[in-house]
Structure formats: C-alpha cells, structure tokens
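> Position 149 (the sequence shown) corresponds to 201 in the numbering used here; numbering is contiguous. The beta carbon of each residue, even a glycine, is placed where N, CA and C say it ideally should be. It should be emphasised that the depicted structure is a prediction, and the values quoted were computed from it without experimental measurement.
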Amino acid sequence: MSDLVGLLDLLAPFFGLIALGWACGRFVPRPASGLSWMQFFLIYVSLPCLFFRLIAGEPLSELANWPFIAVTTLSTYVAFSIAFAVGMLVTRDMPQSVMQGVAGSYSNIGYMGPPLVLAALGPAASPPVVLIFVFDSLLLFSLVPFLMAVAGVEKKSMLATAGEVAFRIATHPFNVATMIGVGASYFAWTPPTAIDKMTLWLSNAAAPCALFLLGVTVALRPAASAEGGASTPPRERVRKIPVEVPILVFIKLVAHPLIVWVLLSIVGDFAPPWVFAAIVMAALPPALNIFVISTQYGVGVERASACVLVGTIASVVTLTGFLWLIETGILPHDLF
53 MSDLVGLLDL
63 LAPFFGLIAL
73 GWACGRFVPR
83 PASGLSWMQF
93 FLIYVSLPCL
103 FFRLIAGEPL
113 SELANWPFIA
123 VTTLSTYVAF
133 SIAFAVGMLV
143 TRDMPQSVMQ
153 GVAGSYSNIG
163 YMGPPLVLAA
173 LGPAASPPVV
183 LIFVFDSLLL
193 FSLVPFLMAV
203 AGVEKKSMLA
213 TAGEVAFRIA
223 THPFNVATMI
233 GVGASYFAWT
243 PPTAIDKMTL
253 WLSNAAAPCA
263 LFLLGVTVAL
273 RPAASAEGGA
283 STPPRERVRK
293 IPVEVPILVF
303 IKLVAHPLIV
313 WVLLSIVGDF
323 APPWVFAAIV
333 MAALPPALNI
343 FVISTQYGVG
353 VERASACVLV
363 GTIASVVTLT
373 GFLWLIETGI
383 LPHDLF
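1) Among Leu59, Pro384, Phe67, Thr124, which one has its Cα closest to the Cα of Phe187?
2) Helix, strand or coil for Ser113, going by three-state DSSP, please let me know.
3) What three-state label does DSSP hand Pro298 in the structure shown?
4) Tell me whether Leu336 is buried or exposed, calling it buried when 16 or more other Cβ atoms sit within 10 Å of its Cβ.
5) Contact between the segment 192-199 and the segment 236-256 is defined here as three or more beta-carbon pairs at a separation below 8 Å; is this criterion met?
6) What residue range does the alpha helix (DSSP H) around Leu336 cover?
7) Let me know if Pro119 comes out buried or exposed under the rule of 16 or more other beta-carbons within 10 Å of its beta-carbon.
8) Starting from Phe388, follow the alpha helix (DSSP H) in both directions and report where the run begins and ends.
9) For Ala135, is the classification buried or exposed, using 16 other Cβ atoms within 10 angstroms of its Cβ as the cut-off for buried?
10) Between Arg355 and Pro244, what straight-line distance do the alpha-carbon atoms span, to the nearest angstrom?
11) Please look up how many angstroms separate the CB atoms of Ile184 and Ala330, rounded, as I've assumed it's under 8 Å.
12) Taking only the alpha-carbon atoms, compute the straight-line gap between Ile365 and Leu62 and give it to the nearest angstrom.
13) Check the C-beta distance from Leu265 over to Leu94 and give it rounded, since I have them as a contact under 8 Å.
14) Which partner residues of Ser159 appear in the DSSP bridge assignment?
15) Do three or more CB pairs link the segment 99-117 to the segment 254-273 at distances below 8 Å?
16) With a threshold of 16 other CB atoms inside 10 Å of the CB of Arg105, please say whether the residue is buried or exposed.
17) So what's Arg355 in DSSP terms, helix, strand or just coil?
18) With burial defined as no fewer than 16 other Cβ atoms inside 10 Å of the residue's Cβ, what is the status of Pro179: buried or exposed?
19) Indicate whether Pro175 and Tyr96 have their beta-carbon atoms separated by less than 8 Å.
20) For Pro286, I'd like the list of residues in its chain whose CB is within less than 8 Å of its CB, leaving aside the five on either flank, ordered along the chain.
21) Quick check on the DSSP output: the alpha helix (DSSP H) that includes Arg144 runs from which residue to which?
22) Helix, strand or coil for Met151? Go by DSSP, reduced to three states.
23) Is Gln148 buried or exposed, if buried means 16 or more other CB atoms sit within 10 Å of its CB?
24) Taking 7 Å as the cut-off, is the beta-carbon of Phe322 closer than that to any non-hydrogen atom of the ligand MN?
25) Would DSSP call Trp118 helix, strand or coil?
26) Spatial neighbours of Gly352 within its chain, please: CB distance less than 6 Å, with the 5 preceding and 5 following residues excluded, ordered by chain position.
27) Put Ala323 into one of helix, strand or coil per three-state DSSP.
28) Look at the alpha carbon of Val306 and the alpha carbon of Ser209, and state the distance between them as a whole number of angstroms.
29) Nearest to Leu141 by alpha carbon, out of Val297, Ile378, Lys304?
30) So, at 7 Å on beta carbons, what are the nonlocal neighbours of Phe328 in its own chain, with the 5 sequence-adjacent residues on each side left out?
31) Output the distance between the C-alpha atoms of Thr370 and Pro111, rounded to the nearest integer angstrom.
32) In terms of residue numbering, what span does the alpha helix (DSSP H) encompassing Gly165 cover?
33) Measure the alpha-carbon distance for Phe193 versus Ala75 and round it to whole angstroms.
34) On the CB-based measure, 16 or more other CB atoms within 10 Å of its CB, does Trp241 come out buried or exposed?
35) What did DSSP end up calling Ser209 once you bin it into helix, strand or coil?
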C-alpha cells in the first residue's frame with residue numbers, strides 16, 4: 053500500500069498540472085492563438101535547455117549504446133506497424149492509417165518523459181531518456197513524410213521529401229540542443245556560471261509549462277469536426293470518438309511498453325534503469341505532436357484529438373500500473 057501511495061504522490065503533480073490546464077482551457081474563455089508564445093518558449097527555449105543539461109553531464113560512452121538504440125527504435129516501429137495495420141483494417145485509407153500508426157506508437161516523450169522518468173528512476177535514467185527521445189523522433193519524423201508521399205498527400209518528389217525531412221531533423225531545436233550537449237560532454241565543457249544558472253531555470257520551467265499546455269490543448273480540441281468544420285458540442289465529442297481509438301490507445305499504453313520489455317530482454321545485458329526507463333517512456337500517453345502532424349496534413353484531425361484525450365485519461369491507470377510493477381519488483385528488468 054505504501055508503494056502505491058508513493059506512486060500516487062509522484063504522479064499526482066504531473067496529471068494535476070494537466071487537469072489544471074484542461075480546466076483553464078475548458079472554463080476560461082481565451083483564444084487558442086494565445087498558446088503560440090508558450091509553445092515557442094517550450095520548443096525553442098525551455099525544453100532544449102533541459103535536453104542540453106541531461107546530455108552534457110553524461111559520459112559520451114553512455115550515449116553510444118547502439119544495441120539499446122536499435123531495440124527501442126525497433127519497438128516503436130513495431131508498435132507503429134500494428135497501429136497502422138489496425139487503421140488500414142478500419143478505414144481502408146492510407147493517410148488516415150499513418151496518423152493512427154503515430155497515435156499508437158509516439159509517446160509524450162518530450163513534455164512528460166524527462167521529468168517523470170527522472171523523478172521515478174533517478175539521474176541514472178538520463179541517458180536512455182535522451183536516446184529514446186532523439187531516435188524515436190528521428191524514426192517518426194522520417195517515416196510520416198515518406199508514407200504521406202507514397203500515399204500522394206505530399207505533392208513532392210521522394211528526393212524533395214527526403215531533403216525536407218533531413219533539414220527539419222538537422223534544425224529541430226531539440227536535436228540542435230542534443231548535438232551541443234554531445235559536444236559539451238565530449239570536450240568536458242562547463243558553461244559559465246551565469247549561463248549555467250539560466251539553463252537550469254529554463255529547464256526547470258519545462259515540465260510545468262509543458263503539462264499545463266497539454267491540458268489546455270486537450271480541452272480546446274476538437275473545436276471542429278474533421279469533415280465540415282462545424283462546432284461540435286462537448287457532449288457530442290465523446291459520442292463521436294472513432295471505434296478504433298480504444299484499440300490504438302491499448303497499443304500505445306499497454307502493447308508498446310510490453311514490446312519494449314520483451315525485445316530488450318531478448319537482446320539482454322541492459323542495466324535495470326535503462327530497461328525501466330524504456331518501459332515507462334513507451335507507457336506514456338500519445339504525444340501532442342500527433343495533433344500537430346494531423347493538422348499539418350489535414351488528415352485525421354478528429355481521430356488524433358480523440359487519441360490524445362482518451363490516451364491521456366487512460367494513462368492515469370496504465371502508467372501508474374507499470375510504475376507500481378517496477379517499484380514493487382513484480383516486473384523484472386529481464387524477462388528471461
């Protein structure tokens with residue numbers, strides 16, 4: 053019982069901030085455009101500082117764990133493929149299925165991942181958290197444009213699509229911060245005191261701002277139906293959740309972490325904090341980026357919103373369950 057109470061104390065602030073953001077978004081009349089500066093602050097300022105600090109303090113040898121990178125990235129690809137197959141079975145539409153593949157595989161590894169995993173498992177989990185974030189993002193930000201080009205949604209050649217994807221990956225603020233952190237680790241560089249304190253303050257702001265923003269965004273979506281753009285009454289939103297959403301949420305919250313656990317156990321020889329960090333990262337709810345990507349392509353906006361909403365609510369139970377299994381030792385770090 054004490055383990056469960058401790059877990060609830062750990063998770064309550066995270067989901068409490070999401071709930072606070074949701075309540076503000078639901079009951080305080082403010083335009084959605086007002087979120088743009090907070091989004092900019094998170095993506096271009098606060099979270100990059102967090103990732104820099106996570107990486108810069110780690111030995112470079114810790115970040116070159118290629119078997120771990122290969123297994124966790126493969127696990128995300130397997131979850132994507134299963135969710136994509138479910139989408140094709142239900143919708144018979146490839147662009148919609150790509151969005152459903154993302155919903156079933158892409159965790160909230162940017163906003164929730166680092167603060168929650170580090171709070172639960174300690175600083176030893178920093179390297180795996182960073183590696184999963186970088187390589188899961190590389191996988192999905194490469195896979196989605198490629199499949200959309202194959203489906204005919206991207207009106208560009210494969211070469212042009214590949215060039216655009218490479219540019220976006222190379223210039224993404226999280227990846228730039230990661231590379232700077234790797235350089236700092238390699239050269240054992242410590243920033244001046246003033247800069248170090250600024251990055252500390254900014255990185256500490258990442259978690260509360262990100263979770264609050266997640267709650268507000270969930271409350272404001274879907275503001276309109278995907279088909280006609282008409283306003284959807286709150287009671288109708290729940291009734292219109294697509295039939296495959298519970299399956300996608302199950303893949304994301306239950307199947308994905310189990311796939312990670314099994315594949316890491318098959319390969320073996322990973323330290324417990326690395327295995328448990330990978331499991332928790334996979335058990336996080338669907339990322340807010342799913343809605344951003346679906347809006348960018350104009351495909352599956354309503355389904356993306358439903359997945360984020362239902363997945364975030366359901367993860368209160370599933371994420372608590374996985375953390376409890378880890379905390380009590382019921383879930384060993386090596387299945388075999």
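Looking at the atomic coordinates:
1) Just measuring C-alpha positions, the residue of Leu59, Pro384, Phe67, Thr124 sitting nearest Phe187 is Thr124.
2) Looking at Ser113 - three-state DSSP - the assignment turns out to be helix.
3) In the structure shown, Pro298 adopts helical secondary structure according to DSSP, grouped into three states.
4) Buried, since its Cβ has 16 or more Cβ neighbours within 10 Å.
5) Result no; under three Cβ-Cβ pairs closer than 8 Å.
6) Note, Leu336: premise wrong, no alpha helix (DSSP H); not H, not E.
7) Pro119 comes out exposed.
8) Where Phe388 is concerned, there is no enclosing alpha helix (DSSP H), given that its DSSP letter is neither H nor E.
9) The residue is buried, with at least 16 neighbouring Cβ atoms inside 10 Å.
10) Between Arg355 and Pro244, the C-alpha separation is close to 47 Å.
11) Contact between Ile184 and Ala330 holds: CB atoms are separated by about 6 Å, below the 8 Å threshold.
12) The alpha-carbon atoms of Ile365 and Leu62 are separated by roughly 17 Å.
13) Rounded to whole angstroms, the Cβ separation of Leu265 and Leu94 is 7 Å, and the two are in contact under 8 Å.
14) BP columns for Ser159 point to Pro338.
15) Contact holds: three or more Cβ-Cβ distances are below 8 Å.
16) By the 10 Å Cβ count, Arg105 comes out buried.
17) Three-state DSSP puts Arg355 in a helix.
18) Pro179 should be labelled buried.
19) With contacts defined as CB atoms closer than 8 Å, Pro175 and Tyr96 fail to qualify as a contacting pair.
20) Residue confidence for Pro286 is low, a pLDDT of 41 falling below 50, so the modelled location carries little weight; the figure read from the coordinates is stated next. None.
21) That residue, Arg144, is in no alpha helix (DSSP H); it is neither H nor E in DSSP.
22) Here Met151 carries a helix assignment [DSSP, helix/strand/coil].
23) Buried, by the Cβ-count rule.
24) As presented, the structure is devoid of all ligands, the ligand MN included, so that no description of it is given.
25) In the structure shown, Trp118 adopts helical secondary structure according to DSSP, grouped into three states.
26) Gln148, Met151, Ser346.
27) Ala323 carries a coil assignment under DSSP once its states are collapsed to helix, strand and coil.
28) Rounded to whole angstroms, Val306 to Ser209 spans 37 Å at the Cα level.
29) Leu141 has its Cα closest to that of Val297, out of Val297, Ile378, Lys304.
30) Listed in chain order, the non-local C-beta contacts of Phe328 below 7 Å within the same chain comprise Leu173, Ile378, His385, local neighbours out to five positions each way being set aside.
31) Each residue's alpha carbon lies about 33 Å from the other.
32) Segment 165-173, the alpha helix (DSSP H) holding Gly165.
33) So the alpha carbons of these two residues sit roughly 31 Å apart.
34) Of the residues assessed, Trp241 falls on the exposed side of the cut-off, its CB having fewer than 16 other CB atoms within 10 angstroms.
35) Ser209: coil per DSSP, three-state reduction.
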